[in-house]
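Residue numbers (this note's numbering), protein chains in the order written: chain E, 1 to 109; chain Y, 1 to 118.
By construction, the Cβ of each residue, glycine as well, lies at the ideal position given by its N, Cα and C atoms.
A quick write-up on the structure given underneath.
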């Protein structure tokens, strides 16, 4: 079992839709979870991080961690074509990040 | 722009050859991380250096090695290249080493080097 599992997609939605991206993880010892966005042929860039359980909101983006079910979610409201990218979930581990395989999202105008 | 630079952007080479990838971290960052991204494996941690010293190793092949120099730039050396080594190689940097479960250590990624082994 991979430490962080993520549905690779691809996921295609119309502009304005609410997008839900999900990951599961297997090790509860580590406290920080993050979402990175990676555009084609670019490096990953941090979107948001959350500590332990709960929600965190930043504009159209909401990150959610449910420690009881070991579930990490990213919600994108009013999705835009510029949101088309690969979204990577990750968790901290000593001296490194452990990533899911990424979900490719396409927002159609 | 994350402030992390990587050279070259693209590298095409043949099996059996050796290449060196270079990374300059953000100003003030002491840690450098190397990751490999392939289609089937996703983004995988290779190795971390902190202020010139190796701090952590992932599933890095013995054919691969890295170092961090006194000016904090880092190089990843890949030798006896195989077709399966074709991938994107990313460098990331952070201020500190992030060595405990309770620490948050934001990593900033460079643009990557695309390696193609023919």
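- Straight-line spacing of the CA atoms in residue 52 (chain Y) and residue 65 (chain Y) works out to 14 Å.
- The stretch 74-91 of chain E makes contact with the stretch 7-21 of chain E: 3 or more CB pairs, one atom from each, lie closer than 8 Å.
- Counting only the Cα atoms, residue 12 (chain Y) lies some 44 Å from residue 66 (chain E).
- In summary, residue 43 (chain Y) is buried, with 16 or more beta-carbon neighbours lying within 10 Å of its beta-carbon over all protein chains present.
- Contacts with chain E at 9 Å (Cβ-Cβ) do not include residue 52 (chain Y).
- In chain order, 104, 106 make up the part of chain Y whose C-beta sits under 9 Å from the C-beta of residue 49 (chain E).
- Per the C-alpha coordinates, the member of Y:80, Y:104, Y:47 positioned closest to residue 89 (chain Y) is Y:47.
- Here the C-alpha atom of residue 13 (chain E) lies approximately 43 Å from the C-alpha atom of residue 18 (chain Y).
- Under the 10 Å beta carbon count, residue 59 (chain Y) is surrounded by fewer than 16 other beta carbons and is classified as exposed.
- When the alpha-carbon of residue 75 (chain Y) is set against those of Y:35, Y:85, Y:96, the nearest one is in Y:35.
- Of all residues in the stretch 31-62 of chain Y, those with a C-beta nearer than 7 Å to a C-beta of chain E are 33, 42, 43, 45, 48, 55, 56, 58, reading in chain order.
- For residue 10 (chain Y), the enclosing beta strand (DSSP E) starts and ends at 10-13.
- The beta carbon of residue 109 (chain Y) sits closer than 7 Å to the beta carbons of 2, 4, 90, 92 from its chain, once the five residues preceding and following it are set aside; these are given in chain order.
- Contact residues of the stretch 87-98 of chain E toward chain Y are 88, 90, 92, 93, 94, 95, 96, 97, 98 (C-beta to C-beta distance below 9 Å).
- Flagged as an interface residue toward chain E: residue 111 (chain Y), by a C-beta distance shorter than 9 Å.
- Chain Y places no beta carbon closer than 9 Å to that of residue 108 (chain E), leaving this residue out of the contacts.
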